[in-house]
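All remarks here apply to the structure that follows.
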Amino acid sequence: MKTIGLIGGMSWESTQTYYRLINQKVREQLGGLHSARIILCSVDFAEIETLQHKGDWDETAKILISAAQSVKAGGADFLLICTNTMHIVAPQIEQACATPLLHIADASANALIKDGITSVGLLGTRFTMEQTFYRERLEEQGINVIIPDDSERNAVHRIIYEELCQGIINPDSKAAYLEIVDSLATRGAQAVILGCTEIGLLIQSSDTRVALYDTTEIHAAQAVEFALI
């Protein structure tokens, strides 16, 4: 079994979901008392969040490169960045740390293609929804990406940072997200990507008739698959 390197803490609320899902999936595959070999470096999200909203991505890259190098030094065979937004600096990490990185957008694209999805809605931080680093990787695979309108993007972004990253689950926010999911479906989305690792804490597939693709679950499943090859 390969050792999985996790760069987490962005936020820790979703990093613990990665840890649980990966270990559950290893147990499903191997049975008994088996669990995953994991090296985790958890960063201080307050520092990252401040830099994100300043647009200082170069400084965030330095922090995550240091985390990646620590994980590599600990014996990780490959890396996961346990957040969608910070894949904006994935190229810098790959260049600085010669360890394979499983990209969350590629994992999502593979899942969508397998299910025949060609048009998808994308929920996430404003950075993930509006910048190209995530959407282009899907579009390169022939997947059309639809994002919420500006006021909806504001709501999605605010709820992530002010509530979900702090472990706050608000029924009104859940209703707002489900309305946005319905809006994306009306605009032609066959499914919706939960493109922030915290969103799965708020809405699940059982809440809507629209197919939801939880990137945390998809990414964790790919990590286990890779670890057990």
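One gets my numbering by counting positions in the sequence shown from 1 and adding 1153 to each. Ideal Cβ positions, reconstructed from N, Cα and C, are used throughout, including at glycine.
If you ignore the 5 residues before and after Asp1230, its C-beta comes within less than 6 Å of the C-beta of Lys1155 and Thr1156, all in its own chain and listed in chain order.
With a threshold of 16 other beta carbon atoms within 10 Å, Ile1382 falls short and is exposed. DSSP lists no beta-bridge partner residue for Tyr1330.
With contacts defined as CB atoms closer than 7 Å, Thr1361 and Leu1331 qualify as a contacting pair. For Ile1257, there is no enclosing beta strand (DSSP E); the enclosing alpha helix (DSSP H) has its first and last residue at Ile1257 to Lys1267. Between Gly1348 and Leu1276, the C-beta gap is smaller than 7 Å, which places the two residues in contact. Shown here, Thr1156 sits in a strand according to DSSP, grouped into three states.
With contact defined as three or more Cβ pairs closer than 8 Å, the region 1218-1225 and the region 1257-1265 are not in contact.
About 5 Å separates the beta carbons of Ile1175 and Ala1189, which is inside the 8 Å limit, making them a contact pair.
Annotation: the continuous alpha helix (DSSP H) that includes Arg1311 extends over Asp1303 to Glu1315. Annotated three-state conformation of Arg1180 is helix, per DSSP. Restricting attention to Pro1324, Glu1351, Glu1305 and Glu1315, the CA atom closest to the CA of Leu1337 is found in Glu1305. In this structure, the beta-carbon distance from Val1242 to Ile1346 does not fall below 7 Å.
Here Ser1188 is not bridged, per DSSP, to any residue. Under the DSSP assignment, Ala1364 falls in the beta strand (DSSP E) whose first and last residues are Ala1364 to Asp1367. In the structure shown, Cys1194 falls within a strand segment according to DSSP collapsed to helix, strand and coil. A straight line joining the alpha-carbon of His1187 with that of Ala1342 spans about 39 Å. Within the DSSP bridge table, the entry for Asn1297 names Ser1272 as partners. Restricting attention to Met1239, Ala1249 and His1206, the CA atom closest to the CA of Ile1218 is found in Ala1249. One alpha carbon belongs to Phe1280, the other to Arg1173, and they sit about 27 Å apart. By the CB criterion at 7 Å, Ser1195 and Gly1227 fall outside the cutoff. Ala1214 is a Cβ neighbour of Gln1245, given a cutoff of 7 Å.
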